[in-house]
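Below you'll find the structure, written out as structure tokens, and then a few comments.
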Amino acid sequence: MNPEKTRIKEVPLLDVRNLETAFDIDGTDYNAVDDVSFQVKPRQIVGIVGESGCGKSVMSLSIMQLLPKGIGKVKSGQIVFDGINLEKMSESQINKLRGNDVSMIFQEPMTSLNPVFTIGYQLQEVFFNHTIISRRNARLRSIALLKSVGISRPEKIVDEYPHQLSGGMRQRVMIAIAIACQPKLLIADEPTTALDVTVQAQILELLKGIQEVNDMSIILITHDLGVVAEMCDEVIVMYAGKIVERTDVDRLFHNPKHPYTTLLLGAIPKMDEQEDRLNSIQGIVPSLINMPQVGCRFANRCPKAMPECTTITPLLENVEQGHEVACLLFDTSKPKEEMR
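Its first residue numbered 1, the sequence shown is counted upward by one per residue in the numbering used here.
Okay, structure coming up:
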């Protein structure tokens, strides 16, 4: 194999470095994403998991440069896409990049699609913004796109409005809009939320097929670990704005390290076991204004917490090759303690 080709393949498509995203609340900045670093390689699917309020969606909006103006901001760090620092790009350059090279499937298609415009109009708008194309060809490409994402009768659907479609069909339309310009990176924020199990499976299969055909990278944001097991190559576990564990999908499921990850996996219902109650994690994710400034942010919910967990902030470190954990149980600066 040519060493130069190997080197090129290893260059990350997306490189997020020490990202801090803050929201202004009554004149004070509170970090929703706090010192987060990760990479996404070409053709890789990276899952980001955690409970609601852990900073997953805020991180995706930071990458897309879609934070609410005047309230949210990237406070520090770098977001480097395909070798370009997005923070140094102008608004017009970002608009050209967004939808063309980087696209996003938002969490709720009914609120993401404009209710007063037809499906075809909203699809064609993508082509008009990023390519030079006639209205006739834009319509034909829109119909072809709808067909490619598994929508039957695309010639009719193209003239219908979002409220006339089912939840699954609206999600397929959102996917069609996101892949219209064949982006290099697709961010899918909870793409199967509020869909029934059968439709969820169809959407995941569709995304996987599109990724393979177009050689895309995908960031899949979800709280559903079943989706992660089905789709992802690598998994990032977030809690209260920080990464607490990162590894490949097989290792995460077979050898989880962080107590939070272990509890998340333990909360998955098991088909072969009959239980009166589902397992849950006691307590809630701290709010932005009540975020602990020192120590482990999971300490007050952790069954393995030690006294020092509230005074020493754990760093994200390699505990073994390709497996990073932020937990004092695996602190390499002191003798290892086995998880009990």
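Ideal Cβ positions, reconstructed from N, Cα and C, are used throughout, including at glycine.
CB contact flag (residue i, residue j, <8 Å)
i       : j       : result
Ile-284 : Gly-295 : no
Leu-185 : Val-173 : no
Val-40  : Val-235 : no
Val-149 : Ala-176 : yes
His-258 : Cys-309 : no
Glu-87  : Val-74  : yes
Val-58  : Thr-21  : yes
DSSP state of residue i mapped onto helix, strand, coil
i       : result
Val-197 : helix
Arg-141 : helix
Arg-251 : helix
Ile-268 : coil
Phe-117 : coil
Gln-39  : strand
Lys-156 : helix
Ala-176 : helix
Lys-73  : strand
Residue i burial status per 10 Å Cβ neighbour count (16 or more: buried)
i       : result
Asn-31  : buried
Phe-38  : buried
Pro-256 : buried
Glu-4   : Note that Glu-4 has pLDDT 40, beneath the 50 cutoff, so the model's placement of it is unreliable and no number is given.
Ala-267 : exposed
Leu-329 : buried
Met-104 : buried
Met-306 : exposed
Thr-261 : buried
Inter-residue Cα distance where the pair is residue i and residue j
i       : j       : result
Thr-118 : Arg-170 : 12 Å
Cys-302 : Asp-159 : 52 Å
Lys-56  : Met-238 : 7 Å
Leu-195 : Ser-60  : 21 Å
Asp-250 : Arg-135 : 47 Å
Pro-12  : Asp-215 : 14 Å
Nearest neighbour of residue i, chosen from the options [CA to CA]
i       : options                               : result
Ser-217 : Ser-287, Pro-303 and Met-231          : Met-231
Leu-14  : Leu-146, Arg-141 and Ile-219          : Ile-219
Glu-125 : Cys-181, Pro-109 and Gly-72           : Cys-181
Arg-297 : Glu-20, Ile-48 and Cys-54             : Cys-54
Leu-264 : Pro-191, Ser-287, Thr-222 and Gly-241 : Thr-222
Leu-146 : Met-59, Leu-140 and Pro-154           : Pro-154
Ser-347 : Pro-269, Val-33, Leu-288 and Pro-286  : Because residue 347 is not part of the residues shown, which for the chain are 1 to 340, the question remains open.
Pro-183 : Asn-18, Asp-331, Leu-19 and Arg-43    : Arg-43
Residue i at chain C interface by Cβ criterion, 8 Å
i      : result
Arg-17 : Protein chains in the displayed structure number just one, and chain C is not present.
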